[in-house]
RNA sequence: CCAGACGGCUGGACGGCCGCUGUCCCUGGAAACAGGGGUAGAGGAAAGUCCGGGCUCCACGGGAAUACGGUGCCGGCUAACCGCCGGCGGGGGCGACCCCAGGGACAGUGCCACAGAAAACAAACCCCCCGCGCAAGAGGUACGCUCCCGCGGGGAAGGGCGAAACGGUGCGGUAAAAGCGCACCGCGCCCCUGGCAACAGGGGCGGCAGGGUAAACCCCACCGGGAGCAAGACCGAAUAGGAGCGGCUGCCUUUACCUUUCGGGGUGGAGGCAGGGGCAUUCCCGCCCCGCCGCUCGGGUUGGUCGCGUGAGGCGCGUUGCGAGACGCGUCCCAGAGGAAUGGCCGUCCAUCCUGGCGACAGGGGGACAGAACCCGGCUUACAGGCCGUCUGGCAGA
RNA sequence: GCGGGCGUAGCUCAAUCGGUAGAGCGCCAGGUUGUGGUCUUGGAUGUAGUGGGUUCGAAACCCAUCGCUCGCC
């Protein structure tokens, strides 16, 4: 949680905290799932895979049909996107591919707790 | 006031901070892009994908027939429809109103279980009636008189089975009966009147034609090329201008080579015909491609732009029509993503629910169904709560 | 986007075009056994996914809807 969002916004963009990329190909998701580390929490499941470079982090989002209909899945994914955006602004990560998997609890989880879940999951997965 | 019927509308409001996609402007930059500011940004069902179109590509010369699929009272609306509107007929409801695939059963075929004598073409199980008969049994007035039984004939009223049994009710009639006769109802045909029509009303004739099922096959009328924006077009990149197997391969002409016992034979090439392929099928005439067709293997591609939102468009007014709609004028430009934007957090209010309280109120919960993917017209399904209008029945009052 | 198929007993599946729904496994009870299993005898079991319609009669035919599943691009 940031107490000074305005000061953070004024910082010049550095290469290490550049806007994160997205994972799009099915093969990329499969690679992270099979070779990366898995860190489940109450609100989210994180899969992290270290790359051999220091490029900006790349994010992927997965919400299965089991969670609900299209409206519920959209809402779940958007909350994960927003929580990850705010968190990574204060805690830059580079050289990693991250996949965030939404669960049933993601939708009803208080937003600050959802951010804490992601932070703890990053620590659990050994992401620096 | 209560209960109900129908139609329409709506689908939380405002603000702050941080973000996303498109677009416009400014600044910097050769450009990519970066920064700043403005602006637009999910639905009535965006859903299911059940119909109908636009659009795009493919096929396409004409004709006939068949098949397949769909629709099915009448008239209208519409670009079109299995949609909508207005009527008609049938059914339900005290009523407002609601429901109905609602053409044809003398074109033909099939089916109608169980029960029942009989299930569709005529018949007769019990039965009703008449005539004849006493061999046996019973009663008796001693006779086929009665019961019973047998034979012959008339009949279909009544009983019984069934979902359904060759019209229904009543009167007459008769040995018993029967549309046998009559009245009313139903049915069929003809005529008249009203209506564009479906149909309705009336009159006459016929004594009854003849069961049901076409959401069984079918018949009739009408409609229908195929595929779908992953359509399709362009730019760029990369690979390849492939390999194998199988099928159809016969005749004629010509030519090259080989062979020859000089008759010819074999192999290959070219041309023609046959043949094959091209549309759901067949046929006729015609056209196109010929080495074609099928299968398998191998190789490459996963980028960008367009299509892509000015449209059967929205809103307002007017004219017209019972209505669905039509016409005219004015005005507006109103999402455009691509692992896919339209969000996250907070505050105030509004509707609503729970708890406490007589109450003002206080505390808490909590926003229905649901997310555009080329577009449009319908249908169907899901849906918290709220609003408006018209009408019906009942109660009370004036 | 386009196009198929299937929902029947607790489970797996039947019954050819309409006539009143069965089989195997499982379940329950009795017998056998000291007990259990095995074996044996008997028995129960169905809104036919849901809602309408056609028909005298529907698991079947028609329409709508829900769920599952498969294929093509």
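Numbering (my numbering), first residue to last: 15 to 142. We put the beta carbon where it would ideally sit given N, CA and C, even for glycine.
The Cβ-Cβ distance between residue 50 and residue 131 does not fall below 9 Å. Straight through space, the alpha carbons of residue 133 and residue 78 are spaced by roughly 23 Å. Listed in chain order, the alpha helix (DSSP H) runs fully inside the stretch 32-89 are 40-49, counting runs of at least 4 residues. Taken through DSSP and simplified to helix, strand or coil, residue 135 comes out as helix.
If you look at residue 118, you'll find it isn't in any beta strand (DSSP E); DSSP assigns it neither H nor E. The stretch 79-88 and the stretch 52-67 do not touch, with fewer than 3 CB-CB distances between them shorter than 8 Å.
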